[in-house]
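Those letters in the sequence shown? Residues 1 to 348, per full-length UniProt numbering, in order.
Beta carbons: idealized from backbone N, C-alpha and C, even for Gly.
Please read the structure below before turning to the comments.
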Amino acid sequence: MTKKKIGILGASGYTGADAVRLLARHPNAEITALTANTHAGKTMSEVFPHFFMLDLPKLVEWEKVDWTRLDAVFCGLPHGTTQEIIAAVLKANPGIKILDMSADFRLRNKDSYAQWYGHEHRALELQDEAVYGLTELYREKVAAARLVACPGCYPTAVLLALVPLAKAKMIDVDDIVIDAKSGVTGAGRGLKQNTLFSEAGEGLSPYSIGSHRHSAEIEQEIGAAAGSAVTVNFTPHLIPMARGEFCTSYVKLNGATPDDLRAELEKAYADEPFVYVTKKGVLPQTQNVRGSNYVQIGVVADRIKNRAIVLSTLDNLVKGSAGQAIQNMNLMFGLPETTGLEQIALFP
Numbered sequence: 001m002t003k004k005k006i007g008i009l010g011a012s013g014y015t016g017a018d019a020v021r022l023l024a025r026h027p028n029a030e031i032t033a034l035t036a037n038t039h040a041g042k043t044m045s046e047v048f049p050h051f052f053m054l055d056l057p058k059l060v061e062w063e064k065v066d067w068t069r070l071d072a073v074f075c076g077l078p079h080g081t082t083q084e085i086i087a088a089v090l091k092a093n094p095g096i097k098i099l100d101m102s103a104d105f106r107l108r109n110k111d112s113y114a115q116w117y118g119h120e121h122r123a124l125e126l127q128d129e130a131v132y133g134l135t136e137l138y139r140e141k142v143a144a145a146r147l148v149a150c151p152g153c154y155p156t157a158v159l160l161a162l163v164p165l166a167k168a169k170m171i172d173v174d175d176i177v178i179d180a181k182s183g184v185t186g187a188g189r190g191l192k193q194n195t196l197f198s199e200a201g202e203g204l205s206p207y208s209i210g211s212h213r214h215s216a217e218i219e220q221e222i223g224a225a226a227g228s229a230v231t232v233n234f235t236p237h238l239i240p241m242a243r244g245e246f247c248t249s250y251v252k253l254n255g256a257t258p259d260d261l262r263a264e265l266e267k268a269y270a271d272e273p274f275v276y277v278t279k280k281g282v283l284p285q286t287q288n289v290r291g292s293n294y295v296q297i298g299v300v301a302d303r304i305k306n307r308a309i310v311l312s313t314l315d316n317l318v319k320g321s322a323g324q325a326i327q328n329m330n331l332m333f334g335l336p337e338t339t340g341l342e343q344i345a346l347f348p
């Protein structure tokens, strides 16, 4: 197969950089355009020195890219800036494949988007066409899509752990408590006081308590699986490590046992290349998936009767962002889903 010509919008951010890292060794991809308006004119290695060995195009302003020459574009821009740019890209090249790693097309309900993101959606004609890109749940739709809205890192970890259980009616979807922790890269590369080393190091900080925007995605997809509206208790925390994510979900059982939950998850992911359910007594750990596209899920009996604890972990920049986007790109181009994504976790 001829290599697909790939562009990356927002290549100077962490998700854009990880897309570069993975695509640079993808056998069917050729990176031909990189944008970063604030760093336009620089080489990628000037912005990210660890790319010193790669022959990459210089960073340019997005308006200067000839989108008609590309087969696919990955978007790593912040929410709110993505909609109009993607609309312009699709107008220039209606046949291009879009892998959006921002939040701009994840919510199906336009009113929900306005509620959670503080402004009306600016590309409603595209919102209806966007496919929610949680690969394991929407594989066939992703394969046929032009625009894929790749999920957030928290929703990916939580939904892979809970959607099969909600669909099987094994848990009470009205009683879900999620304690989530993410590495500092989840906050982006922009300068913020709370992500400075001396502020984030040697501490653990909750944020957006009761109001984190990823709650909307989690509720949307668990609700779809359960067939009813759902509200979850979701609290994220910033943990002092660069990458990685761990979600602990506390659930009430509907006549099932923790072993039943584990068996259901094992059945759901038996043929999945990247999702692994740990054996009884084996606990998922962030270090087991760091730098990889893999997900670990475990189930533990709670000491409280009729409750269980479901654990899930992934790398927020890989399966939680760029890796999942590449997994979806592979599907969209009819490539083996695992192409370019079989890196083993970096340990220690």
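### Query
Exposed or buried, which one is V282 when buried takes at least 16 other CB atoms within 10 Å?
Here residue 282 is taken as the residue at index 282 of the sequence shown, counted from 1. V282 counts as exposed, since fewer than 16 other beta carbons sit within 10 angstroms of its beta carbon.
### Query
Roughly how many angstroms separate the alpha carbons of Y276 and Q296, rounded to a whole number?
In the sequence shown, the residue the question calls residue 276 occupies position 276. In the sequence shown, the residue the question calls residue 296 occupies position 296. Cα to Cα, the separation comes out at about 5 Å.
#### Entry: Among E129, K279 and G7, the one whose alpha carbon lies nearest that of V60
By one-based count along the sequence shown, residue 60 stands at place 60. Among E129, K279 and G7, the Cα nearest to that of V60 belongs to G7.
### Query
Based on Cα-Cα distance, which residue from S292, N293, L162 and Y294 lies nearest to S249?
Looking up residue 249 in the sequence shown gives position 249. Taking each of S292, N293, L162 and Y294 in turn and checking the Cα distance to S249, the smallest one comes out for L162.
### Query
Is the distance from the Cβ of V158 to the Cβ of I218 below 8 Å?
Your numbering for residue 158 matches position 158 in the sequence shown. Your numbering for residue 218 matches position 218 in the sequence shown. Going by C-beta atoms, V158 is nearer than 8 Å to I218.
### Task
Write down every uninterrupted run of the beta strand (DSSP E) in the segment 253 to 315 whose length is 3 residues or greater and which is fully enclosed by it, in chain order.
Scanning the segment 253 to 315 for uninterrupted beta strand (DSSP E) segments of 3 residues or longer gives 275 to 277, 295 to 301 and 307 to 314, listed from N- to C-terminal end.
#### Entry: Nonlocal neighbours in the same chain, by C-beta distance under 6 Å from E84, ignoring five residues either side
Walking along the sequence shown from the start, residue 84 turns up at place 84. Correct list, in chain order: R122.
### Task
Could you tell me which residues DSSP pairs with T248 in its beta bridges?
As a working mapping, residue 248 is identified with position 248 in the sequence shown. Note: T248 sits in a beta bridge opposite D179 and L311.
### Query
How many angstroms separate the CA atom of K4 from the CA atom of I304?
Here residue 4 refers to the residue found at position 4 of the sequence shown. Here residue 304 refers to the residue found at position 304 of the sequence shown. Answer to the nearest angstrom: the Cα atoms are 53 Å apart.
### DSSP state of L34 mapped onto helix, strand, coil
Here residue 34 corresponds to residue number 34 of the sequence shown, with the count starting at 1. Three-state DSSP puts L34 in a strand.
### Message
Residues in the same chain with beta-carbon distance under 7 Å from T82, minus the five sequence neighbours each way, listed in chain order, please.
### Response
Numbered from 1 along the sequence shown, position 82 holds the residue referred to as residue 82. Contacts found: C75, D100, S102 and D104.
### Query
CB A155 to CB H214, shorter than 8 Å?
Walking along the sequence shown from the start, residue 155 turns up at place 155. Walking along the sequence shown from the start, residue 214 turns up at place 214. According to the sequence provided, residue 155 is Pro. The question's Ala does not apply to it. Less than 8 Å separates the beta-carbon of P155 from that of H214.
### Message
To the nearest angstrom, how far is the alpha carbon of T338 from that of A40?
### Response
Stepping through the sequence shown from its first residue, residue 338 is reached at position 338. Stepping through the sequence shown from its first residue, residue 40 is reached at position 40. Spanning the two alpha carbons is a distance of roughly 33 Å.
### Query
Counting along the chain, where does the beta strand (DSSP E) carrying H237 start and finish?
Taking the sequence shown and counting its residues from 1, one reaches residue 237 at position 237. Its beta strand (DSSP E) spans residues N233 to L238.
### Task
Rounded to whole angstroms, what's the CA-CA distance from A149 to I86? Just pull it up for me.
As a first step, residue 149 must be located in the sequence shown, where it is residue number 149. As a first step, residue 86 must be located in the sequence shown, where it is residue number 86. Those two C-alpha atoms are separated by around 11 Å.
### Reference A268, options N293, P27, A168 and F333, closest by Cα
By one-based count along the sequence shown, residue 268 stands at place 268. The shortest Cα separation from A268 among N293, P27, A168 and F333 belongs to A168.
### Query
When DSSP labels each residue in this structure, what does F51 get in the three-state scheme?
The sequence position of residue 51 within the sequence shown is 51, counting from 1. It is helical.
### Task
May I ask which residues mark the beginning and end of the beta strand (DSSP E) holding D66?
Position 66 of the sequence shown, counted from the start, is the residue given in the question as residue 66. No beta strand (DSSP E) holds D66; DSSP gives it neither H nor E.
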